[in-house]
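Undergrad:
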Amino acid sequence: MLICIFIGEYPPEVLYHWQKKPANYPQPNYPLYHPLPDARSISRQVAVVRPPQVTSRQSTAPVRELISEVCVQPSQPASVGHPQTLRRNISLPDDCRDIFITYSVDTAAELMPFVNFLINQGFRPAIDIFEDRVRQMDVNKWMDSFLKNKSVLIIVVISPKYKTDVEGDGSDQHGLHTKYIHTQIQNEFILQRCLNFRLVPVLFPSANQSHVPLWLQSTRLYRWPEDAKDMLLRLLREEKYIVPPLGKDLMITIKPL
């Protein structure tokens, strides 16, 4: 996969004129559900955006970087004419490839393309309908093996029925244990002082903002399949925006009048 980083560079005198605009970065030209080459191999391409020309009489100060934006694309050789292209490989630890998915019955039919997408990117989704081990052991022990493992990210599939299940009377007629899992992850969220370290709420097509539990609405929400690239960055533990390092200290010259 290719991670493109777009960097703006401006001298200090024109920084205050800069206004942030929506990023216009290249979109991947591959079908959404087709596998990317290998999620472990990631390259970074640095595209430098040149500012308006500033003459030497206006400024001799060094150029500074602005915030960078990262996007995912299939791996490809560095194109000629981009001498600042940088490449690096990323290798997730094996235990970080496990992803636990909690959902409700109204999205069961839509989960297959979603799970296939995750598998094609090198992840191992844990979901009860694909696990033979659930039939051989206590289902609570199987779920707790993922819920208590802090290296496992948890995808919360948001749908109208999910909202009803977690805020209803606690009945579990479909056997998905949605209410139990919701209680566990909510307790963890509270114990971590409402900081979200491993929950990834994903709104499926039938869902909207009102179907998200109130305590999860303050976190980053992803919509499937529109936000597939951003969700993939989250699962790869990659930040979408990279803040440049702090500049050197300024020197003040004092002249007698």
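Going by my numbering, the sequence shown opens with residue 5, and the numbers climb by one from there. Glycine residues also receive a C-beta, built at the ideal position from the N, C-alpha and C atoms.
(1) Once DSSP output is grouped into helix, strand and coil, what is the label at isoleucine 269?
(2) Counting pairs of Cβ atoms below 8 angstroms between the segment 187-195 and the segment 238-255, do you hit three or more?
(3) Per DSSP, which residues does alanine 130 bridge with? Please list them.
(4) Keeping to the same chain, check which residues put their C-beta closer than 8 angstroms to that of arginine 202; ignore five residues upstream and five downstream.
(5) Do you know how far the Cα of valine 204 is from the Cα of cysteine 100?
(6) Which stretch, first to last residue, makes up the alpha helix (DSSP H) that contains proline 117?
(7) Does the distance from the C-beta atom of valine 161 to that of phenylalanine 208 stay below 7 angstroms?
(8) Which whole-angstrom value describes the C-beta separation of aspartate 110 and serine 72, a residue pair presumed to lie in contact below a C-beta threshold of 8 angstroms?
(9) Would a C-beta distance cut-off of 7 angstroms place arginine 128 and aspartate 148 closer than the cut-off?
(10) According to DSSP, is arginine 241 part of a helix, a strand, or is it coil?
(11) Quick check: what's the CA-CA separation for glutamine 125 versus isoleucine 258?
(12) Where are the alpha helix (DSSP H) runs, 4 residues long or more, that stay fully inside the segment 137-217, in chain order?
(13) Serine 222 bridges to which residues according to DSSP?
(14) Do you know offhand how far proline 217's Cα is from lysine 233's?
(15) Roughly how many whole angstroms lie between the Cα atoms of histidine 186 and serine 95?
(16) According to DSSP, simplified to helix, strand and coil, what is valine 74?
(17) Just how far apart, CA to CA, sit cysteine 198 and phenylalanine 118?
(18) Between the alpha carbons of tyrosine 151 and serine 222, how many angstroms are there, rounded?
(19) Can the beta-carbon of aspartate 173 be found less than 7 angstroms from the beta-carbon of serine 108?
(20) Going straight from the alpha carbon of tyrosine 245 to that of valine 206, what length do you get?
(21) Just grab the DSSP bridge partners of isoleucine 246 for me.
(22) Going by CA-CA distance only, name the one from Leu122, Val143, Arg241, Leu254 that's closest to glutamine 97.
(23) Let me make sure I understand the geometry here. Which of Arg224, Thr106, His181, Phe121 has the alpha-carbon closest to that of aspartate 142?
TA: Taking the structure as given:
(1) Residue 269 lies beyond the stretch modelled for the chain, which goes from 5 to 261, so this question has no answer here.
(2) no
(3) Phe104
(4) Lys154, Val156, Leu157, Ile158
(5) Each residue's alpha carbon lies about 14 angstroms from the other.
(6) It spans 115-124 - the alpha helix (DSSP H) in which proline 117 sits, taken as one unbroken run.
(7) Less than 7 angstroms divides the Cβ of valine 161 from the Cβ of phenylalanine 208.
(8) Contact flag wrong, Cβ pair sits at about 39 angstroms.
(9) no
(10) Coil.
(11) 58 angstroms
(12) For the segment 137-217, whole alpha helix (DSSP H) runs of length 4 or above, ordered along the chain, are 143-151, 164-171, 182-195.
(13) Beta-bridge pairing links serine 222 to no other residue.
(14) 24 angstroms
(15) 31 angstroms
(16) strand
(17) Taken atom to atom, the span from the alpha-carbon of cysteine 198 to that of phenylalanine 118 is near 28 angstroms.
(18) Note that residue 151 is leucine in the sequence shown here, rather than tyrosine. The straight-line gap from Cα to Cα measures roughly 21 angstroms.
(19) no
(20) 20 angstroms
(21) Ser72
(22) In the sequence under discussion, the amino acid at residue 97 is proline, which differs from the glutamine named in the question. When each option's Cα is compared against that of proline 97, the closest is Arg241.
(23) His181
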